[in-house]
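One line per chain: the protein sequences are A and B, in this order. Counting from 1, position 113 in the first sequence corresponds to residue 113 in the numbering used here; the numbering is continuous, with no gaps. Every position in the second sequence, counted from 1, becomes a number in the numbering used here once 118 is added. Beta carbons: idealized from backbone N, C-alpha and C, even for Gly. Model, not experiment: these values are computed from the prediction. Here is the structure we will look at, set down as structure tokens.
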Amino acid sequence: NAGVTQTPKFQVLKTGQSMTLQCAQDMNHNSMYWYRQDPGMGLRLIYYSASEGTTDKGEVPNGYNVSRLNKREFSLRLESAAPSQTSVYFCASRTKGLSSGGSPYEQYFGPGTRLTVT
Amino acid sequence: KNQVEQSPQSLIILEGKNCTLQCNYTVSPFSNLRWYKQDTGRGPVSLTIMTFSENTKSNGRYTATLDADTKQSSLHITASQLSDSASYICVVSPLSGGGNKLTFGTGTQLKVEL
Numbered sequence: 001n002a003g004v005t006q007t008p009k010f011q012v013l014k015t016g017q018s019m020t021l022q023c024a025q026d027m028n029h030n031s032m033y034w035y036r037q038d039p040g041m042g043l044r045l046i047y048y049s050a051s052e053g054t055t056d057k058g059e060v061p062n063g064y065n066v067s068r069l070n071k072r073e074f075s076l077r078l079e080s081a082a083p084s085q086t087s088v089y090f091c092a093s094r095t096k097g098l099s100s101g102g103s104p105y106e107q108y109f110g111p112g113t114r115l116t117v118t
Numbered sequence: 119k120n121q122v123e124q125s126p127q128s129l130i131i132l133e134g135k136n137c138t139l140q141c142n143y144t145v146s147p148f149s150n151l152r153w154y155k156q157d158t159g160r161g162p163v164s165l166t167i168m169t170f171s172e173n174t175k176s177n178g179r180y181t182a183t184l185d186a187d188t189k190q191s192s193l194h195i196t197a198s199q200l201s202d203s204a205s206y207i208c209v210v211s212p213l214s215g216g217g218n219k220l221t222f223g224t225g226t227q228l229k230v231e232l
């Protein structure tokens with residue numbers, strides 16, 4: 001049981017190049033998320049997919065696109081990378097709905113992708 | 119705007135000592151508050167979760183408290199170990215949003231030294 005996996009671990013892009021970050025989970029979770037983490041800031045939600053077949057914008061969606069390929073996989077695409085997109089990107093997943101205690105199920109995070117755009 | 123503020127930004131303690139990390143939030147109404155541990159180069163891992171009606175929750179040497187009236191939470195680490203060196207992040211889930219839109223604090227960077 002690998003949990004949430006992300007590829008690649010590291011990537012360097014030139015301004016204007018495109019790339020796709022891949023994320024997969026093997027926990028049969030319904031919901032998946034993409035975050036970015038920048039120094040001095042909390043994690044910020046880029047896009048999420050509450051269930052297979054749906055995607056929604058988060059706090060900072062500009063410059064990104066996502067695809068929920070199937071229940072396991074959720075990819076993040078940068079069509080024309082900019083230096084402002086230099087960041088660490090985390091994918092997360094969780095079971096949709098509420099636990100018996102009434103709280104949303106916790107999110108499980110992947111190991112992250114460190115992206116540098118020059 | 120919903121905010122989560124943590125203090126101190128960083129902290130150095132000696133192995134075996136206790137410490138307390140603080141979290142103040144303005145998210146209201148909220149569903150639950152979580153503390154995550156993030157080791158360097160890794161993704162965050164959940165330590166505790168408390169709903170608005172809970173006052174305290176423990177996970178081994180980690181004890182979180184919540185005062186929903188003052189909108190404050192704390193994470194107490196007992197008998198610290200070198201492996202506790204990490205960033206500790208306070209995360210609040212607003213009542214609206216269905217658990218999808220979390221508000222993250224910037225974290226407290228803890229270093230435990232010999």
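{"Asked": "Mapping DSSP to helix, strand and coil, what is B/Asp202?", "Found": "helix"}
{"Asked": "If we count the other Cβ atoms within 10 Å of its Cβ and call it buried at 16 or more, is A/Met27 buried or exposed?", "Found": "exposed"}
{"Asked": "Classify A/Gln85 as helix, strand or coil using the three-state DSSP reduction.", "Found": "helix"}
{"Asked": "Output, in sequence order along the chain, the residues in the segment 34 to 55 of chain A whose CB is closer than 7 Å to any CB in chain B.", "Found": "Gly40, Met41, Gly42, Leu43, Leu45, Tyr48 and Ala50"}
{"Asked": "Quick check: the Cα distance between B/Gly178 and A/Thr116, rounded to an integer number of angstroms?", "Found": "38 Å"}
{"Asked": "In its own chain, which residues sit with a C-beta less than 6 Å from the C-beta of B/Lys229, not counting the 5 before and 5 after it?", "Found": "Ile130 and Ser203"}
{"Asked": "Ends of the beta strand (DSSP E) at B/Gln140?", "Found": "Cys137 to Tyr143"}
{"Asked": "Name the two residues that bound the continuous beta strand (DSSP E) containing A/Gln25.", "Found": "Met19 to Gln25"}
{"Asked": "Would you say A/Phe109 lies against chain B (beta-carbon separation less than 8 Å)?", "Found": "yes"}
{"Asked": "Just checking my contact of A/Tyr47 with A/Thr55 at CB under 8 Å: how many whole Å lie between their CB atoms?", "Found": "6 Å"}
{"Asked": "Kindly say whether B/Ser203, judged by its beta-carbon, lies nearer than 8 Å to any beta-carbon of chain A.", "Found": "no"}
{"Asked": "Would DSSP call A/Tyr105 helix, strand or coil?", "Found": "coil"}
{"Asked": "Given that a residue counts as buried once 16 or more other Cβ atoms are within 10 Å of its Cβ, and exposed if not, what is B/Val209?", "Found": "buried"}
{"Asked": "Are the CB atoms of A/Phe74 and A/Tyr35 nearer to each other than 8 Å?", "Found": "no"}
{"Asked": "Less than 8 Å between CB atoms is the rule here; does B/Asn150 satisfy it with respect to chain A?", "Found": "yes"}
{"Asked": "Please work out which residues of its chain come closer than 8 Å, Cβ to Cβ, to B/Leu213, disregarding the five sequence neighbours upstream and downstream, and give them in chain order.", "Found": "Pro147, Phe148 and Ser149"}
{"Asked": "Would you say B/Thr183 reaches chain A, if we count a Cβ-Cβ gap shorter than 8 Å as a contact?", "Found": "no"}
{"Asked": "So A/Arg77 and A/Lys9 are supposed to be a Cβ contact under 8 Å. How far apart are they, rounded?", "Found": "Wrong, their Cβ atoms sit about 18 Å apart, outside the cutoff."}
{"Asked": "Can you give me the C-alpha to C-alpha distance between B/Ser98 and A/Arg72, rounded to a whole angstrom?", "Found": "One cannot answer for residue 98 of chain B here, as it falls past the ends of chain B, which runs 119 to 232."}
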